[in-house]
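Asker:
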Amino acid sequence: MNADTLRGHMDALLLSVVEREPLHGYAIIEALRERSGGALDVPTGTVYPALRRLERAGYLAGEWAVAGGRKRRTYRLTDSGRAALAGERSAWKSFTTAIGSVLDPSR
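Residue numbering for the sequence shown follows the numbering used here, starting at 2 and increasing by one per position.
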């Protein structure tokens with residue numbers, strides 16, 4: 002998928018992936034790939050800066066943990082992150098409805 006297509010939606014995608022359980026960065030990338038049926042193959046250079054930004058914003062809480070014998074930073078959704086995700090989902094529904102009305106006027 003084109004990187005420009007994802008621009009503006011990365012925060013919602015990352016927050017959604019960690020909603021279920023805390024994950025480390027590479028597991029987040031794998032979850033994006035798996036949940037999208039392989040359509041989202043997002044590079045680490047996009048994901049890690051976004052995770053740090055979301056952590057600074059208070060939407061994610063990160064802590065160091067050992068996973069698979071390696072020390073990794075694991076991220077979990079905070080209450081603020083949960084509220085932000087709800088807002089992102091609402092905005093996404095409005096966006097897709099509006100764009101769908103234009104692209105498929107028979108709806």
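Just so you know, even glycine gets a beta-carbon here, dropped at the ideal spot from N, CA and C. Here the structure is a predicted model, which is why all the values come from computation and not from measurement.
By DSSP's criteria, L75 is part of a beta bridge. Which residues make up the other side?
Answerer: A quick correction: the sequence has Thr, not Leu, at residue 75. T75 pairs with H25, E64.
Asker: Under DSSP, the alpha helix (DSSP H) around R8 begins and ends at which residues?
Answerer: Counting along the chain, R8 falls outside any alpha helix (DSSP H), and DSSP gives it neither H nor E.
Asker: Alpha carbon to alpha carbon, how far is R71 from Y60? Give it in angstroms, no decimals.
Answerer: Those two C-alpha atoms are separated by around 25 Å.
Asker: So Y49 packs on G26, CB below 8 Å; how close in whole Å?
Answerer: The Cβ separation is near 6 Å, so the contact holds.
Asker: Is the segment 85-94 close to the segment 4-17, with three or more CB pairs under 8 Å?
Answerer: Judged by Cβ distances under 8 Å, the segment 85-94 makes contact with the segment 4-17, as three or more pairs qualify.
Asker: What distance in whole Å lies between the Cβ atoms of V18 and L109, which are believed to be in contact at a cut-off of 8 Å?
Answerer: This structure does not reach residue 109, given that the chain is present from 2 up to 108, and the question cannot be answered.
Asker: Determine the extent of the alpha helix (DSSP H) in which E89 is found, giving its start and end residues.
Answerer: From DSSP, the alpha helix (DSSP H) with E89 extends over 80-104.
Asker: Using the Cβ count rule (16 or more neighbours within 10 Å means buried), how would you classify I100?
Answerer: By the neighbour-count rule (16 or more Cβ atoms within 10 Å), I100 is not buried but exposed.
Asker: Going by Cα to Cα distance, which pick from S95, I30, A40, L55 is closest to T79?
Answerer: If we check each option's Cα against that of T79, L55 comes out closest.
Asker: State buried or exposed for L52, treating a residue as buried only when at least 16 other CB atoms are found within 10 Å of its CB.
Answerer: L52 should be labelled buried.
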